[in-house]
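Here the sequence shown is numbered in the working numbering, starting from -13 and rising by one per residue.
Notes to accompany the following structure.
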Amino acid sequence: IIQRDIQFSNQVADMAHRLVDVLAQPINCGDGLILRTGASVGIALCPAHGTDIETIISRADTALYKAKSLGRNTFCIFEQGMDEAVRKRQRLEADLSAAIEEEQFELYLQPRLDIATQQIKSYEALIRWNHPVKGLIMPGDFIPVAEQSNRIVAIGEWVLRRACAIASADLEDERISVNVSPLQFREKDFVETVRTTLEAASLDPSRLEIEITENVLIDDDKHALRILKELKGLGVRVALDDFGTGYSSLGYLSRFPFDAIKIDRTFVQAIQQTENALAIVETIVRLGRALGMAIVAEGVETIEELQLLAGEGCNEIQGYLVGRPEPLSRLCKVPPQEVIEALDAGSSELISQLKSIAAQMRGSEVRDAREEEARRKRKAGS
-13 IIQRDIQFSN QVADMAHRLV DVLAQPINCG DGLILRTGAS VGIALCPAHG
37 TDIETIISRA DTALYKAKSL GRNTFCIFEQ GMDEAVRKRQ RLEADLSAAI
87 EEEQFELYLQ PRLDIATQQI KSYEALIRWN HPVKGLIMPG DFIPVAEQSN
137 RIVAIGEWVL RRACAIASAD LEDERISVNV SPLQFREKDF VETVRTTLEA
187 ASLDPSRLEI EITENVLIDD DKHALRILKE LKGLGVRVAL DDFGTGYSSL
237 GYLSRFPFDA IKIDRTFVQA IQQTENALAI VETIVRLGRA LGMAIVAEGV
287 ETIEELQLLA GEGCNEIQGY LVGRPEPLSR LCKVPPQEVI EALDAGSSEL
337 ISQLKSIAAQ MRGSEVRDAR EEEARRKRKA GS
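Listed below in structure tokens is the structure:
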């Protein structure tokens, strides 16, 4: 698209906004079929970004590449320095393709402590990339690129195969938990892939847990419900990960057949600072238990957090306090002694203290607000 007589970049932005909005509208194809499309737009200005057609098109393409990396339905105007950023991303994508082909990945396992038995009953499989030049790369540095470049499905399938193989050959009766991206979950043969992977590894389906986030449920909850039921039909456990972030709704818990809820670490880290966070955890635990779901707390790092969560009725604990993610050669099989002692010590007194402190803080905040309001009124009256 060529737009003439442009004096300011915001004129181009206005057109890009309209274009993206129009192309994002759902298309009714009849018979209940709704087609959803989207667009990414790259923009270059003449003469600001070049004076010949080849340069302008090249830089618009660079901006388009950047727009795609930002997510769906957006646009980007070319900026100086963007070329190098795009080249860096392209190198990363090429390296990812090689990593998939050469299986340069490795799974680290993080233990989950079962509070009732005080034993490690399951592990979460977390991917790492052993880059031949850059060394160990953490998932936060390559998973977003894998998702945006459609490489995440191949990576996710490798994780599933490797996790099932480890559980079958190297673990005793512990479960293994695998994160599944929305793109992988929506693959038409996803359930069949899970089934054949379990068979190839000779793994009892009950020892595999699939973790999904709320993003999977948002776009097409009917499709998600069907897939979840099919997974349950195989005997696989399903957990809702990072519960409490983004678009969370307690309604999800009643509509979808989850075996476990993983409370996001942001709530775990806040339970010692605010009674509200503790109240939210209490609500999740009560509702989850009423629906027959296990409650897992993520990101537990202190003894106080452990005792509070155990006292509120969480079933499992995961975090650095129990054990960090480690390669199979350094697998954590026994929880630290301080964790066992803390569980034996109980937590009812700590919970009472926290609620008392939070109530005092809330009362102080209310008094401060009233005093401030009174000062404003006196000032307005004078």
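Heads up, the beta-carbon is just placed ideally off N, CA and C, and yes, glycines get one too.
Treat the numbers as computed from the prediction; the structure is a model and nothing was measured.
F171 by DSSP, collapsed to three states: which one?
Residue numbering aside, residue 171 sits at position 185 when the sequence shown is read from its first letter. Here F171 sits in helix by DSSP.
Per the DSSP calculation, S26 is bridged to which residue(s)?
Residue mapping note: residue 26 aligns to position 40 of the sequence shown, counting from 1. The partner list for S26 (beta bridge, DSSP) reads T60.
Could you check if K215 is buried or exposed, using at least 16 other CB atoms within 10 Å of its CB as the buried criterion?
Residue numbering aside, residue 215 sits at position 229 when the sequence shown is read from its first letter. With fewer than 16 Cβ atoms within 10 Å of its Cβ, K215 is classed as exposed.
Which residues does DSSP list as the beta-bridge partners of Y94?
If you number the sequence shown from 1, residue 94 lands on position 108. Answer is L112, P313.
Taking 9 Å as the CB-CB limit, is S44 close to chain B?
The structure shown contains no chain B; it is built from a single protein chain.
Who are the near neighbours of D245 in its chain, counting only those whose CB is closer than 6 Å to its CB and skipping five residues on each side?
Start at 1 with the first residue of the sequence shown, and residue 245 comes out as number 259. Correct list, in chain order: R223, V224.
Between the alpha carbons of C318 and M1, how many angstroms are there, rounded?
Against the sequence shown, residue 318 aligns to sequence position 332. Against the sequence shown, residue 1 aligns to sequence position 15. Approximately 56 Å, taken between the alpha carbons.
On the DSSP bridge list, what partners appear for G121?
Locating residue 121 in the sequence shown gives position 135, where the first residue counts as 1. Bridge partners of G121: H117.
Can you give, in chain order, each stretch of the alpha helix (DSSP H) that sits fully within the region 238 to 304 and has at least 4 residues?
Complete alpha helix (DSSP H) runs here, min 4: 251 to 256, 261 to 276, 289 to 298.
Considering only their Cβ atoms, is the gap separating V254 from G299 smaller than 9 Å?
Reading the sequence shown from its first residue, position 313 is the one you call residue 299. Reading the sequence shown from its first residue, position 268 is the one you call residue 254. Cβ atoms of G299 and V254: not closer than 9 Å.
Given that a residue counts as buried once 16 or more other Cβ atoms are within 10 Å of its Cβ, and exposed if not, what is L21?
Position 35 of the sequence shown, counted from the start, is the residue given in the question as residue 21. Exposed, because fewer than 16 other Cβ atoms sit within 10 Å of the Cβ of L21.
Note down the Cα distance separating V352 from L264, rounded to an integer number of angstroms.
Position 366 of the sequence shown holds residue 352. Position 278 of the sequence shown holds residue 264. The predicted position of V352 is uncertain, since its pLDDT is 49 and thus under 50; a value taken from the coordinates is nonetheless stated next. Straight-line Cα distance between these residues: approximately 20 Å.
Flag this pair as yes or no: are the beta carbons of A283 and L295 separated by less than 9 Å?
By 1-based counting over the sequence shown, the position of residue 283 is 297. By 1-based counting over the sequence shown, the position of residue 295 is 309. Cβ atoms of A283 and L295: closer than 9 Å.
Suppose the cutoff is 6 Å on Cβ atoms and the five residues either side in sequence are ignored; what does the same chain contact list for N165 look like?
Reading the sequence shown from its first residue, position 179 is the one you call residue 165. Answer for N165: E197, listed in chain order.
If you pair each beta-carbon of the region 82 to 94 with each one of the region 138 to 158, do three or more pairs fall below 8 Å?
Contact between the region 82 to 94 and the region 138 to 158 is present, because at least three Cβ pairs lie under 8 Å.
I'd like the span of the alpha helix (DSSP H) that includes N201, first residue to last.
Locating residue 201 in the sequence shown gives position 215, counting from the first residue. Run containing N201: 201 to 204, per the alpha helix (DSSP H) assignment.
Apart from the five residues just before and just after I289, which ones in its own chain have a Cβ nearer than 6 Å to its Cβ?
Working through the sequence shown from its first residue, we reach residue 289 at position 303. Answer for I289: A328, listed in chain order.
I'd like to check one pair, A151 with E160: are the Cβ atoms closer than 9 Å?
Reading the sequence shown from its first residue, position 174 is the one you call residue 160. Reading the sequence shown from its first residue, position 165 is the one you call residue 151. No, these two residues do not count as a Cβ contact at 9 Å.
Is it the case that the Cβ atoms of Y109 and L122 are separated by a distance below 9 Å?
Translated into positions along the sequence shown, residue 109 becomes position 123. Translated into positions along the sequence shown, residue 122 becomes position 136. The answer is no: Cβ separation not under 9 Å.
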